[in-house]
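Heads up, the sequence shown is in the UniProt record's numbering, so the first residue is 1 and it goes up one at a time.
Ideal Cβ placement from N, Cα and C applies to all residues, glycine included.
Quantities reported herein were computed from a predicted structural model and do not represent experimental measurements.
Each remark here refers to the structure printed beneath this line.
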Amino acid sequence: CISAVQPDPPLELAVEVKQPEDRKPYLWIKWSPPTLIDLKTGWFTLLYELRLKPEKAAEWEVSDPY
């Protein structure tokens, strides 16, 4: 049986636009897991889903879970 719960949101979210000369710009995103979940014992595995919507787009793009 697989069940999903929604924990508190991630902490220390940081987003940076990277613009290397040899490829297209991309977003660099970093975060820390919420502190109220015990990840060290292995009882929980958090997966994050990122949603991105360009300014003029009608729909969100959804990433594979991280």
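Between which two residues does the beta strand (DSSP E) holding residue i run?
i          : result
residue 26 : 26 to 32
residue 16 : 11 to 18
Run through DSSP, which three-state label would residue i get?
i          : result
residue 62 : strand
residue 5  : coil
residue 52 : strand
May I have the straight-line CA-CA distance separating residue i from residue j, to the nearest angstrom?
i          : j          : result
residue 53 : residue 30 : 18 Å
residue 25 : residue 16 : 10 Å
Give every residue of the same chain whose Cβ lies closer than 6 Å to the Cβ of residue i, excluding the five residues on either side of it in the sequence, and list them in chain order.
i          : result
residue 46 : 33
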